Amino acid sequence: MTFAEQIIAFTRALRPSDIVLPPGFEWLFPYDNAETMRSLTIFYEKYYADSQARTFIFGINPGRFGAGLTGVPFTDPIRLANLCGIENDFPKKPELSSVFVWQFINAYGGAEAFCRDFYITSLSPLGFVKDGKNINYYDDRQLQKTAEPFIVWNIRTQLDFGANRDAAICLGEGQNFAFFQKINATQGFFKEIIPLPHPRWVMQYRRKRVEEFVQRYVETLRSSF
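Just so you know, we're using our numbering here: the sequence shown kicks off at 20 and counts up by one.
Written out as structure tokens, the structure reads:
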């Protein structure tokens, strides 16, 4: 199977009902939406229709307006259409993290060059919602405890797609990185985890320095494999 075929099969097989979340939390599960599956299928078949290994980049978990809508990590409907050439029927609302991610992807050389070398995913392949808002797996101790086996399974399973086991990139230098380091120490997924500031943090708190962070990303990515 190609890298793309493995991603698509993995996504189709996800079943959120297999894990009962703590009271008040809900799964963010977009993959029963035909437009989401159509969009992600086109994206992966366009950029990952081969069997070569890639360096993995791990986010936290999907949000409602990026991967939780389009099915493509850190890619909102605007960038999916304008930068990937994949027209879609989603509301054309920008998502902050997606704006930054596609800035550094373009600085790296564009979608084809980036996707040839890297694969973006998340520690949890499904997102979480509470009171109608995005929740990170680490925002609640019980949620993190419940999600941990799912996260470990997710990473272990996706390694078989074709992962560079020497290093992985972690988006987030705080709690996401600390958790990833902890499970990597026990599971031995990668020789090294390299942290970078999370795209949303950059856009919310360091927006005037975006170009500086884009350059930092590109330099780190180029030295990671």
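In this text, a Cβ means the ideal position worked out from N, Cα and C, and glycines have one as well.
Note that the structure is a prediction, hence the values are computed from the model and not measured.
The criterion of a C-beta distance shorter than 7 Å is satisfied by residue 199 and residue 189.
Around the beta carbon of residue 55, 16 or more other beta carbons sit within 10 angstroms, so the residue counts as buried. Within the same chain, Cβ atoms closer than 6 Å to the Cβ of residue 196 are found at 189 and 214, the five residues on either side in sequence being excluded.
The closest CA to that of residue 191, considering only 240, 216 and 182, is found on 216. With a threshold of 16 other beta carbon atoms within 10 Å, residue 224 falls short and is exposed. When DSSP assignments are scanned along the stretch 50-79, the uninterrupted stretches of alpha helix (DSSP H) that are 4 or more residues long and fall wholly within it turn out to be 53-66. Each residue's CA atom was taken as its position, placing residue 132 and residue 36 some 37 Å apart. With a cut-off of 8 Å on Cβ pairs, the stretch 71-83 is in contact with the stretch 130-147, counting three or more such pairs.
Contact between residue 109 and residue 88 holds: their C-beta atoms lie close to 6 Å from each other, under 8 Å. Ranked by Cα distance from residue 123, the first of 243, 234 and 241 is 234. In the three-state scheme derived from DSSP, where H, G and I count as helix and E and B as strand, residue 232 is classed as helix. Assigned with DSSP and collapsed to three states, residue 148 falls in strand.
Below 8 Å, too few C-beta pairs join the stretch 36-48 and the stretch 100-115 to call them touching: fewer than three. Taking every protein chain shown into account, the CB of residue 219 has 16 or more other CB atoms within 10 angstroms, so this residue is buried. Selection 25, 151 and 126 evaluated against residue 241 yields 126 as nearest (Cα-Cα). Cβ-Cβ distances below 7 Å link residue 144 to 33 and 173 in the same chain, with the five nearest sequence neighbours on each side left out; the list follows chain order.
A direct Cα-to-Cα measurement between residue 184 and residue 77 gives close to 13 Å. Close CB contacts of residue 61 within its chain, under the 8 Å cut and outside five residues either way in sequence, are with 105 (chain order). Residue state for residue 141 is assigned as strand, using DSSP reduced to three classes.
Take residue 79, set aside five residues on each side of it, and the residues of its chain with a beta-carbon closer than 8 Å to its own are 141, 142, 143, 155, 156, 157, 190, 191, 195 and 217, in chain order.
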